[in-house]
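Chains as they are written, first to last, in our numbering: chain H, 1 to 231; chain C, 1001 to 1272.
Think of the CB as a built atom: it goes at the ideal place given N, C-alpha and C, for glycine as much as any other residue.
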Amino acid sequence: MIEATVEDRHKAGKSKYTTDRQMPGAFEGETVTRRRFMNVVTQGAGLVAAGAFGLPALGFALGPLFSRVPFDWQAIGPASDFPDSTYTVRVITIVPGIGEAGKSIAYVRARNPAIDTEKEDQYNHFVALSSRCMHLGCPVRFVAAASRFICPCHGGVYDFRGMVAGGPPVRPLDRFYTRVNSSTGLVEIGPRYSVNSELQRFSARDPGQPLDGIGQYLYPARFDTSVLPGS
Amino acid sequence: MPKLPAPPLPKALKPRPKRPGENGNGNGDAPTTPLEVAIDAGVDVVDWIDERTSLSPGIRWLLFRKVPKGINWFYTLGSATMFAFLNQAVTGVFLAMFYRPDATGGAYESVRYITDDAFLGQLVRAMHKWGASVMIILIFLHMARVFFFGAYKYPRELTWIIGVVLLILTLAMGFTGYLLPFDQRSYWATIVGVNINGTGPFIGPYLSDFLRAGPEFGATTLSRFYAIHMLLIPGLIAALIGAHLYLITKLGISAPPWIKAEEEVEMREERV
């Protein structure tokens, strides 16, 4: 009986050794074909090349998320400028070097133990409120007759302490750290911080991000927050 | 794939048959009049390009295609949106020759110069400014047409998805472009817009930091918006419009919903 001796090339190709597959120039024990090797090397080199310009560009664009912004203590005047019964307006620089666009307004008054229930420490002898509405960031205005802060954009209202009295804001007005410089005797204003409805301090968040309940976990602190010692 | 018959040439493009006793008239004989020489030169140039690129079948495929019965003016809204985009691209390029993304006051001053002093600057800026609103109105009308005509259904879902991405990119163009005049309205609208982005849980704070290039509206926020507005998004929009048009040509235009498929005429044998 004569058996068919035609070689089944597909079956022969199943072996993982190139020598078994009768490839020209195959080495003993070689499993990666030259075609496959070239394929992987070329695509790998392409990936490396794309990464070589893509990753630095991406890092460059995302870098500002992680960089720590330095802050200065800015003198805003002697303590006698700031009574505890009304707010005094001070223009402060938030971002230096860009002129008017980097300026903002702080409403400053002396701490009044009769109404300010939060714990006193070295940074809140003077209460400095940010003018940023905590709904979406428009500038609020202090209306002395009503002793309220009123936002022109969407009707946010805050009471004398900056707590939400009505409208869409999600948390009380942000505050700035303040201190009295013992050598000059001037009140100085420092970095901004956020508070929840119980006036607990949190690192500065953006407007529109509630800090009550799970809010502080839904809106994590940014990487670049400046932290004051002992605050 | 079956080969489609070449569409008939419009009458105006057909070579006129030679009249008895007539000499060269563009159908083989040497051209004589200057007009014929010019036409021949144009044909030569087109032939030269076509011989090397084989573009003409593609152009025929794109331009001479069958459209269903019943199409109407509503079907031009997509093209209208595209022309609004082209208007934005062209006027934007020329505005960029004058604009300075300088947050210390140069941006506002350069826009004031374009509007008040530059020759035709007011016109070009107004075309860009009003064209932006026109484009957004047209893109929504186009979307409404596609929705109410049911043109998003199989097999055109991907065309719809790309269209939605184009809509989002167009809105992002509006958002980033709004800051560029750098007046009070731009500044506060951008503050509000960035903070709306920031209200997204978990990624919101990082998204608004990315848009502002930092925790506060800073020195590079304006140039960042400018780069996104004139480099990043226009490139994406142009590429996606290409994909959108390819799919439209590939899949054909859908008939309006009130057009019924023609029924086969049934042959009946009449017996008397």
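is_contact[residue i, chain H] using C-beta, thresh 8 Å
i, result
"residue 1025 of chain C", "Caution applies to residue 1025 of chain C, whose pLDDT of 47 falls short of 50 and renders its modelled position unreliable; the value that the coordinates give is listed next. Residue 1025 of chain C does not count as touching chain H."
"residue 1192 of chain C", "yes"
"residue 1262 of chain C", "no"
"residue 1215 of chain C", "yes"
"residue 1187 of chain C", "yes"
"residue 1206 of chain C", "yes"
"residue 1196 of chain C", "yes"
"residue 1239 of chain C", "no"
"residue 1070 of chain C", "no"
"residue 1210 of chain C", "yes"
"residue 1103 of chain C", "yes"
"residue 1170 of chain C", "no"
"residue 1126 of chain C", "no"
"residue 1202 of chain C", "yes"
"residue 1218 of chain C", "yes"
"residue 1159 of chain C", "no"
"residue 1199 of chain C", "yes"
Beta-ladder partner(s) of residue i, from DSSP
i, result
"residue 189 of chain H", "H:74 and H:178"
"residue 103 of chain H", "H:93"
"residue 129 of chain H", "H:107 and H:175"
"residue 1033 of chain C", "None, per the DSSP bridge assignment."
"residue 158 of chain H", "H:149 and H:164"
"residue 139 of chain H", "H:132"
"residue 66 of chain H", "Answer is none; residue 66 of chain H lacks a bridge partner."
"residue 202 of chain H", "H:194"
"residue 88 of chain H", "H:108"
C-beta neighbour in chain C for residue i, strict 8 Å
i, result
"residue 169 of chain H", "no"
"residue 153 of chain H", "yes"
"residue 95 of chain H", "yes"
"residue 216 of chain H", "no"
"residue 177 of chain H", "no"
"residue 74 of chain H", "no"
"residue 136 of chain H", "yes"
"residue 101 of chain H", "yes"
"residue 55 of chain H", "no"
"residue 81 of chain H", "no"
"residue 156 of chain H", "no"
"residue 209 of chain H", "yes"
Which listed residue (the options) has its alpha carbon closest to that of residue i
i, options, result
"residue 1216 of chain C", "H:44, H:176, H:223 and H:206", "H:206"
"residue 1129 of chain C", "C:1005, C:1075, C:1194 and C:1180", "C:1180"
"residue 1082 of chain C", "C:1245, C:1252 and C:1251", "C:1245"
"residue 1096 of chain C", "C:1213, C:1066, C:1045 and C:1113", "C:1113"
"residue 1124 of chain C", "C:1087, C:1009, C:1247 and C:1158", "C:1087"
"residue 1174 of chain C", "C:1229, C:1006 and C:1036", "C:1229"
"residue 1003 of chain C", "C:1040, C:1057 and C:1016", "C:1057"
"residue 1225 of chain C", "C:1110, C:1238, C:1190 and C:1239", "C:1190"
"residue 1210 of chain C", "H:78, H:124 and H:63", "H:63"
"residue 214 of chain H", "C:1214, C:1202 and C:1194", "C:1202"
"residue 1184 of chain C", "C:1108, C:1132 and C:1204", "C:1108"
"residue 1154 of chain C", "C:1251, C:1259 and C:1093", "C:1251"
"residue 27 of chain H", "H:35, H:17 and H:163", "H:17"
"residue 117 of chain H", "H:200, H:95, H:141 and H:80", "H:200"
"residue 1145 of chain C", "C:1080, C:1055 and C:1192", "C:1080"
"residue 182 of chain H", "H:137, H:92, H:49 and H:122", "H:122"
"residue 170 of chain H", "H:61, H:92 and H:155", "H:155"
"residue 168 of chain H", "H:44, H:113 and H:134", "H:134"
"residue 1142 of chain C", "C:1072, C:1116, C:1121 and C:1117", "C:1072"
"residue 1059 of chain C", "C:1094, C:1043 and C:1249", "C:1249"
"residue 1148 of chain C", "C:1085, C:1074 and C:1158", "C:1074"
"residue 1094 of chain C", "C:1127, C:1192 and C:1068", "C:1127"
"residue 1247 of chain C", "C:1077, C:1061 and C:1051", "C:1061"
"residue 1098 of chain C", "C:1233, C:1208, C:1206 and C:1118", "C:1118"
Heavy atom of the ligand FAD within 7 Å of residue i beta-carbon
i, result
"residue 210 of chain H", "Among the ligands in the structure shown, none appear at all, so the ligand FAD cannot be discussed."
When the Cβ atoms of the segment 128–136 of chain H are set against those of the segment 95–114 of chain H, are three or more pairs found closer than 8 Å? Yes: at least three Cβ pairs fall under 8 Å.
Whole alpha helix (DSSP H) elements within the segment 1109–1197 of chain C, 4-residue minimum: You should have 1121–1148 and 1157–1179.
Between the segment 95–103 of chain H and the segment 196–210 of chain H, can you find at least three pairs of beta-carbon atoms closer than 8 Å? no
Three or more beta-carbon pairs under 8 Å between the segment 1090–1110 of chain C and the segment 1213–1229 of chain C, yes or no? yes
Examine the Cβ distances between the segment 1193–1200 of chain C and the segment 147–154 of chain H and report whether three or more of them are shorter than 8 Å. Contact between the segment 1193–1200 of chain C and the segment 147–154 of chain H is absent: fewer than three C-beta pairs spanning the two stretches fall below 8 Å.
Inter-stretch contact (C-beta, 8 Å, three-pair minimum) for the segment 188–202 of chain H and the segment 67–75 of chain H: As far as the Cβ criterion goes, the segment 188–202 of chain H touches the segment 67–75 of chain H, which means the pair count is three or higher.
Any beta strand (DSSP E) of 3 or more consecutive residues that is wholly inside the segment 12–43 of chain H: The DSSP assignment places no complete run of the beta strand (DSSP E) inside the segment 12–43 of chain H (cut-off: 3 residues).
Indicate whether the contact test is met: 3 or more Cβ pairs, each with one atom in the segment 209–216 of chain H and one in the segment 1006–1020 of chain C, closer than 8 Å. no
Check whether the segment 164–176 of chain H and the segment 190–202 of chain H are in contact - that is, three or more C-beta pairs closer than 8 Å. Three or more beta-carbon pairs drawn from the segment 164–176 of chain H and the segment 190–202 of chain H are found closer than 8 Å, and the two stretches are therefore classed as touching.
Under 8 Å, with one C-beta from each stretch per pair, do the segment 1159–1177 of chain C and the segment 1257–1272 of chain C reach the 3-pair mark? no
Restricting to runs no shorter than 4 residues, where is the alpha helix (DSSP H) found entirely within the segment 1227–1253 of chain C? Listed in chain order, the complete alpha helix (DSSP H) runs (minimum 4 residues) inside the segment 1227–1253 of chain C are 1233–1251.
In chain order, which continuous runs of the alpha helix (DSSP H) of length 4 or greater are located wholly inside the segment 1038–1066 of chain C? Annotation: the segment 1038–1066 of chain C contains the following complete segments of the alpha helix (DSSP H) (minimum length 4 residues), in chain order: 1055–1063.
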